[in-house]
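Colleague: Residue numbers (full-length UniProt numbering): 1 to 142. Glycine included, each C-beta is placed from N, C-alpha and C at the ideal position. Owing to the predicted nature of the structure, the values given are computational and were not obtained by experimental measurement. Take this structure first; my questions come after.
Here is the structure:
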């Protein structure tokens, strides 16, 4: 993850890391606050077809709707668009050296969610794959 939560940036919701760490599991905390990645094909929502809204586990901000979720086979939940453009923040991620990726964070609290990729050929309206860690999400079922 780029710049360990961008320490200087102020988000609408300020997360108390000690409090959050006591409320969620260790992997969720490492993903949300330190940019870790859960192992592929292990996440609760990877193959879920449940209907509802996917929210940030750290601040409950609505991020994605189940209607935009699709099965990409990549090992993580995939969406073709966020609920709203201002629900997420996109950051250039150079953590893999020469390969540049686009990191996805919650725009409300700055928590790491995953990455977005374009032009992979999936038959979705945006030609984007929002590859999001299950442990960064909570599904509010409808």
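Is it the case that the Cβ atoms of residue 133 and residue 119 are separated by a distance below 9 Å?
Modeller: No.
Colleague: Buried or exposed for residue 42, going by 16 or more other Cβ atoms inside 10 Å?
Modeller: Label assigned to residue 42: exposed.
Colleague: Starting from residue 19 and walking both ways along the beta strand (DSSP E), at which residues does that stretch end?
Modeller: Note, residue 19: premise wrong, no beta strand (DSSP E); alpha helix (DSSP H) at 17-23.
Colleague: Are the beta-carbon atoms belonging to residue 48 and residue 77 less than 9 Å from one another?
Modeller: Yes, they are a contact pair.
Colleague: Enumerated in chain order, which unbroken segments of the beta strand (DSSP E) with a length of 3 residues or greater are wholly contained in the UniProt domain "MsrB" (17-142)?
Modeller: Correct list: 52-56, 62-65, 88-96, 99-106, 112-118, 128-132, 137-141.
Colleague: Excluding the 5 residues preceding and the 5 following residue 61 in the sequence, name in chain order all residues of the same chain whose CB lies nearer than 8 Å to its CB.
Modeller: Here the set comprises 13, 55, 87, 106, 107, 108, 109.
Colleague: Count the other CB atoms, across all protein chains shown, that sit within 10 Å of the CB of residue 33; report buried if there are 16 or more and exposed otherwise.
Modeller: Per the 10 Å Cβ criterion, buried.
Colleague: Report the residue from 75, 96, 142 whose alpha carbon sits nearest the alpha carbon of residue 129.
Modeller: Taking only the C-alpha atoms, the option nearest residue 129 is 75.
Colleague: Are residue 126 and residue 84 closer than 9 Å when you measure CB to CB?
Modeller: For residue 126 and residue 84, no; Cβs fall outside 9 Å.
Colleague: Output needed for residue 57: all residues of its chain with C-beta closer than 8 Å, excluding positions within five of it in sequence on either side, in chain order.
Modeller: 24, 28, 32, 111, 135, 136, 137, 138, listed in sequence order.
Colleague: Is it buried or exposed for residue 50, if we count other Cβ within 10 angstroms and need 16 for buried?
Modeller: Under this definition residue 50 is an exposed residue.
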